[in-house]
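Chemist: After the structure tokens below, expect a handful of questions from me.
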């Protein structure tokens, strides 16, 4: 499986497309204005200590001073004790005995500024890698509690051997449970280099300096996405290509060798019709080559995928038609999960198959396709109702949530009331108002389609209503209103 990574960069947005054998498989988007501060390490200066709140305000060069609570002040824990247990095992020292005004501190942002509140800080530094988290101030080697208990001891022993005696604590993340020793060693080397740069900068730079920034999308491409199958990484910006090359040569030399600067006249995403694929990925319907199609519906609780034969009648008999459609759908579903970045519970309604061997073949195919997914995915068997239940780990917002927002007209429902339904609601509202008030006239302000209905097919009913309440009813069209919106003004 040959893989190419295409990077389309602009000052406001970075887009990364992962293309396998000419077909788009994943899309990652990062917008400059939406990048947070969490993970950034600063050389801060204490501007105020508040004993009553057991907090301190730290100037880190932002518009508002950041906030440090006593619970987020780092202490070295007893030998062998994990960092998460520090607060429970040691008595808390008052903050006024730990920091003072004018003191320069190495701090890390753990919560972004919100509204009028400044960023929240911690003095315990942690640097995230691809599979590990580095805690340079600790010596503990741990494993994520999300990894099954029976695997943790073995993984911890492996990690301790790889870490050696150079110091610093490491925690293995969930996506590192299947990593090889080489991959873990590369991650350890990268994290130690990053910490060395932070320490060097803290001595060299003045207070309020930014010492370390969490990796941007371009850098995470080199760290997380490049694998043995990656043939090329094409970047359409000379400036970003040079910066990425320098970063890669220092931290990931093997990945840096695959970097290329794209100089073509056509936009880089036009090479593989990426923008067309993005547009399709935002729709409900996914057409299959055979003539069948998928309907993908994303809800708050889960995502449903419905498989339909559509116009496919190419097989010799009905069972073969269904089997071939389901087989092709299995491949398409795995691709759509990656492309749309759908997470959580996924329910797939394949077309009912009578033969057990057909069911097993479809399950084997979807599991095979899912095994290529970077995100942890699990698929069960067919349920009694003929459904396949799957789970896919949520790693970031789905493509639809990132690029779209709920429709202001239907408010995300996907449907709106018909013009006739709205018209009849207005009739009932006028009757209700006429019983309570005695205006000179009722004026209905609604969308053009509703007003047109009143003037045409419902004109007789409107005249009858006006006669019944003994008041004139005037109409006013408002193009800015949605179909369900209306106002009844009492004049």
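Residue numbers (our numbering): 268 to 758. All C-beta atoms, glycine included, are put in the ideal place defined by N, C-alpha and C.
Mark residue 484 as exposed unless 16 or more other C-beta atoms lie within 10 angstroms of its C-beta, in which case mark it buried.
Modeler: That one is buried.
Chemist: By Cβ distance, which residues of its chain are closer than 6 angstroms to residue 712, with the 5 residues on each side in sequence left out?
Modeler: Cβ neighbours of residue 712 beyond the five flanking positions: 743, 745, 754.
Chemist: Measuring alpha carbon to alpha carbon, tell me which residue in 382, 434, 420, 547 is nearest residue 407.
Modeler: Per the Cα distances, 434.
Chemist: Roughly how many whole angstroms lie between the Cα atoms of residue 741 and residue 714?
Modeler: Residue 741 and residue 714: Cα-Cα distance of roughly 14 angstroms.
Chemist: Determine the extent of the beta strand (DSSP E) in which residue 593 is found, giving its start and end residues.
Modeler: First-last for residue 593: 585 to 607, but that is the alpha helix (DSSP H), not the beta strand (DSSP E).
Chemist: Whose CA, out of 595, 652, 610, lies closest to the CA of residue 560?
Modeler: It is 595 whose Cα lies nearest to the Cα of residue 560.
Chemist: With H, G and I counted as helix, E and B as strand and the rest as coil, what does DSSP make of residue 529?
Modeler: Correct three-state label for residue 529: coil.
Chemist: Considering only C-alpha positions, which residue in the set 501, 535, 542, 739 is nearest to residue 522?
Modeler: Taking only the C-alpha atoms, the option nearest residue 522 is 501.
Chemist: Thinking C-alpha only, which one of 518, 734, 527, 373 is nearest residue 467?
Modeler: When each option's Cα is compared against that of residue 467, the closest is 373.
Chemist: Could you tell me the alpha carbon to alpha carbon distance between residue 586 and residue 427, rounded to whole angstroms?
Modeler: Computed Cα separation, rounded: 55 angstroms.
Chemist: Exposed or buried, what is residue 325 when buried is set at 16 or more other beta-carbons lying within 10 Å of its beta-carbon?
Modeler: The residue in question, residue 325, is buried, as its Cβ has 16 or more Cβ neighbours within 10 Å.
Chemist: Would you tell me roughly how many angstroms separate the C-alpha atoms of residue 338 and residue 366, rounded to the nearest one?
Modeler: Cα to Cα, residue 338 sits roughly 13 angstroms from residue 366.
Chemist: Tell me whether residue 697 sits in a helix, a strand or coil according to DSSP, three-state version.
Modeler: It is helical.
Chemist: By Cβ distance, which residues of its chain are closer than 8 angstroms to residue 610, with the 5 residues on each side in sequence left out?
Modeler: So the list reads 642, 659, 660, 661, 662, 665, once near-sequence residues are dropped.
Chemist: Under three-state DSSP, which class holds residue 498?
Modeler: Here residue 498 sits in strand by DSSP.
Chemist: Secondary structure at residue 713, three-state DSSP: helix, strand or coil?
Modeler: The answer is strand: DSSP assigns residue 713 an E or B state.
Chemist: Can you tell me the Cα-Cα spacing of residue 349 and residue 361, whole angstroms?
Modeler: Because the pLDDT at residue 349 is just 49, under 50, the model does not fix this residue reliably, and the point stays unresolved.
Chemist: Between residue 503 and residue 535, how many whole angstroms is the CB-CB distance? I'm expecting something under 8 angstroms.
Modeler: Confirmed, Cβ separation roughly 4 angstroms.
Chemist: Which term fits residue 738, buried or exposed, when burial requires 16 or more other beta carbons within 10 angstroms of its beta carbon?
Modeler: The residue in question, residue 738, is buried, as its Cβ has 16 or more Cβ neighbours within 10 Å.
Chemist: Between the Cα of residue 328 and those of 318, 557, 304, spot the shortest distance and give me the residue it belongs to.
Modeler: Checking every option, the nearest Cα to that of residue 328 belongs to 304.
Chemist: Between the alpha carbons of residue 276 and residue 496, how many angstroms are there, rounded?
Modeler: Those two C-alpha atoms are separated by around 23 angstroms.
Chemist: What is the residue span of the beta strand (DSSP E) that residue 462 lies within?
Modeler: Looking at the DSSP string, residue 462 is not in any beta strand (DSSP E); the run it does join, the alpha helix (DSSP H), is 448 to 471.
Chemist: With burial defined as no fewer than 16 other Cβ atoms inside 10 Å of the residue's Cβ, what is the status of residue 657: buried or exposed?
Modeler: With 16 or more Cβ atoms within 10 Å of its Cβ, residue 657 is classed as buried.
Chemist: Let's see if you can read the secondary structure: which residues bound the alpha helix (DSSP H) around residue 624?
Modeler: First-last of the alpha helix (DSSP H) with residue 624: 623 to 637.
Chemist: Excluding the 5 residues flanking residue 514 on each side, which residues of the same chain have their C-beta closer than 6 angstroms to its C-beta?
Modeler: 486.
Chemist: So does the stretch 721 to 730 actually touch the stretch 672 to 679, counting three or more Cβ pairs closer than 8 angstroms?
Modeler: Flag = no, the stretch 721 to 730 and the stretch 672 to 679 do not touch.
Chemist: Could you tell me if residue 375 is buried or exposed, where buried requires 16 or more neighbouring beta carbons within 10 angstroms of its beta carbon?
Modeler: So residue 375 counts as buried.
Chemist: By Cβ distance below 6 angstroms, which residues in the same chain neighbour residue 335 in space, the five residues on each side in sequence not counted?
Modeler: Result list for residue 335: 323, 325, 388, in chain order.
Chemist: Report the rounded CA-to-CA distance for residue 575 versus residue 640, giving the unit in angstroms.
Modeler: Answer to the nearest angstrom: the Cα atoms are 24 angstroms apart.
Chemist: What are the boundary residues of the beta strand (DSSP E) that residue 336 is part of?
Modeler: Segment 333 to 336, the beta strand (DSSP E) holding residue 336.
Chemist: Under three-state DSSP, which class holds residue 292?
Modeler: Strand.
Chemist: Taking the continuous beta strand (DSSP E) assigned at residue 378, which residues delimit it?
Modeler: Residues 371 to 378.
Chemist: Counting along the chain, where does the alpha helix (DSSP H) carrying residue 509 start and finish?
Modeler: Where residue 509 is concerned, the enclosing alpha helix (DSSP H) stretches over 505 to 518.
Chemist: With distance defined between alpha-carbon atoms, name the residue in 708, 423, 709, 725 nearest to residue 716.
Modeler: Here the closest residue by C-alpha is 725.
Chemist: So residue 283 packs on residue 488, CB below 8 angstroms; how close in whole Å?
Modeler: Indeed, because the Cβ distance is near 6 angstroms, the residues count as touching under 8 angstroms.
Chemist: Specify, as a first and last residue, the run of the beta strand (DSSP E) that residue 402 falls within.
Modeler: Residue 402 -> beta strand (DSSP E) spans 399 to 402.
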